[in-house]
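Taking it in order: structure first as structure tokens, then the write-up.
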Amino acid sequence: MPRVAASLSSFARTTVARAIAVLLCTGCLAQGAAAAPACVAGPGLAPARVAKVIDGDTLALADGSRVRLIGVNAPETRANDGRPEPGAVEATRFARRFLGSGRVGIVVGPDRRDRYGRTLAHVYRDDGESLEAALLAAGLARQVTVPPNLGQLDCLREAERRARAARAGLWRSGGAFAPRPTAMLAPGESGFRLLRGRVSAVEPAGSAWWVELDGRVSLRIDGADRDYFSLDALRALSGREVEARGWLIWRDPARRGSHPPWMMQLRHPASLAPAA
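Numbering of the sequence shown is given in the working numbering, commencing with residue 195 and proceeding in unit increments.
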């Protein structure tokens, strides 16, 4: 054990010590219902250095690789119209200030890379604090759930819940994170959205399950993700108002036939919930 400890960087020693301290104090945290779960680093923590904060949820490391944070989506600095989304500049500045010296620890997810070749990872400051949790607590990112990278799911959902209840950051009244009613979607609109609508249909069709909102948005659950869902639970939502989150896709009117004009893929039940 002494030889292993001696081989660790001072960053890793500090982070592991803090993680152990948090675990030992689980009983203390349980004494107060208001205590938020700690997003402590799990196994596989590796030291790294940030060369540049590209935006709120994407970092460039000194080794030339890029990291996409697991579990959060911050506003885009370059949206479809080429302009930053509301809060994008604030989220980027927040991440830059939060990381300070740029010495970080990363824990790569089970699914290691996204379709752009970026490393999917949780990122921790040199004192062990989670960048994802901090962005959510500040109301500068929304929680997303993409299997199989579910290691911090409960912690990150709780961080968002608290920020939303406090109307922090972009959750403030009239802020950019407010759920968007399906009736207010404009033709051609796409991108990450938190939608609100009423379940008008639940239909198994081929290898996918479909949940329609107001006849305007189709929520698609592919066969690879169906084990996370219950068809009975989805059908129980019929007629109820729900919130769904994910990447909204506008479908070419000439090709969509009788299907609703928008589609959103759901990967996990955490992305669909009865409206508060």
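Glycine included, each C-beta is placed from N, C-alpha and C at the ideal position.
Practice item. Could you round the C-beta distance between residue 407 and residue 389 to whole angstroms and report it? I think they count as a contact, below 8 angstroms. Key: What you label residue 407 is simply residue 213 of the sequence shown in a count that begins at 1. What you label residue 389 is simply residue 195 of the sequence shown in a count that begins at 1. Right, the Cβ-Cβ distance comes to about 7 angstroms (below 8 angstroms), so this counts as a contact.
Exercise for review: Check residue 255 in the structure and name its three-state DSSP category.
Suggested key: The sequence position of residue 255 within the sequence shown is 61, counting from 1. Residue state, collapsed to three classes: strand.
Practice item. Compute the beta-carbon to beta-carbon distance between residue 263 and residue 325, rounded to the nearest angstrom, for a pair I have assumed lies under 8 angstroms. Key: As a working mapping, residue 263 is identified with position 69 in the sequence shown. As a working mapping, residue 325 is identified with position 131 in the sequence shown. Rounded, the Cβ-Cβ distance is 7 angstroms, consistent with contact.
Practice item. Examine the Cβ distances between the stretch 319-338 and the stretch 265-276 and report whether three or more of them are shorter than 8 angstroms. Key: Contact between the stretch 319-338 and the stretch 265-276 is present, because at least three Cβ pairs lie under 8 angstroms.
Practice item. Count the CB pairs spanning the stretch 291-298 and the stretch 237-253 that are closer than 8 angstroms, and state whether there are at least three. Key: Output reads yes: the stretch 237-253 touches the stretch 291-298.
Exercise for review: Provide the residue(s) that pair with residue 333 in DSSP beta bridges, ordered along the chain.
Suggested key: The residue given as residue 333 occupies position 139 in the sequence shown. Answer is none; residue 333 lacks a bridge partner.
Practice item. Indicate whether residue 238 and residue 301 have their beta-carbon atoms separated by less than 7 angstroms. Key: Numbered from its first residue, the sequence shown carries residue 238 at position 44. Numbered from its first residue, the sequence shown carries residue 301 at position 107. One thing to note: residue 238 has its Cβ within 7 angstroms of the Cβ of residue 301.
Exercise for review: Out of 329, 470 and 404, state which residue places its alpha-carbon closest to the alpha-carbon of residue 453.
Suggested key: Position 259 of the sequence shown, counted from the start, is the residue given in the question as residue 453. Nearest to residue 453 by C-alpha distance, out of 329, 470 and 404, is 404.
Review point. Residue 412 to residue 321, Cα distance in whole Å?
Key: Translated into the one-based positions of the sequence shown, residue 412 becomes position 218. Translated into the one-based positions of the sequence shown, residue 321 becomes position 127. In this structure, the straight-line span from the alpha carbon of residue 412 to that of residue 321 is close to 43 angstroms.
Check your understanding: By the 10 Å Cβ neighbour count, where 16 or more other Cβ atoms means buried, how is residue 314 classified, buried or exposed?
Key -> Numbered from its first residue, the sequence shown carries residue 314 at position 120. When all chains shown are included, residue 314 counts as buried.
Exercise for review: Thinking residue 384 and residue 442 are a contact (beta carbons under 8 angstroms), I'd like their distance in whole angstroms, please.
Suggested key: As a first step, residue 384 is located in the sequence shown; it is residue number 190 there, counting from the start. As a first step, residue 442 is located in the sequence shown; it is residue number 248 there, counting from the start. About 5 angstroms; that satisfies the 8 angstroms criterion.
Check your understanding: Comparing alpha-carbon positions, which option in 455, 282, 433 and 424 lies nearest residue 464?
Key -> As a first step, residue 464 must be located in the sequence shown, where it is residue number 270. Considering only alpha carbons, the answer is 424.
Exercise for review: Kindly provide the ranges of any beta strand (DSSP E) runs that are 3 or more residues long and lie completely inside the stretch 329-405, ordered along the chain.
Suggested key: At a cut-off of 3 residues, the continuous stretches assigned as beta strand (DSSP E) that sit fully inside the stretch 329-405 are 385-399.
Review point. Near residue 240, which residues of its chain fall below 7 angstroms by C-beta distance, leaving aside the five closest residues on each side in sequence?
Key: For the purposes of this step, residue 240 is taken as the residue at position 46 of the sequence shown. Same-chain partners within the cutoff: 299 and 300.
Review point. Where does residue 224 fall in DSSP's three states?
Key: The residue labelled residue 224 in the question sits at position 30 within the sequence shown. Residue placement at residue 224 is flagged as unreliable, the pLDDT there being 30, under the threshold of 50; the coordinate-derived value follows with that caveat. Helix.
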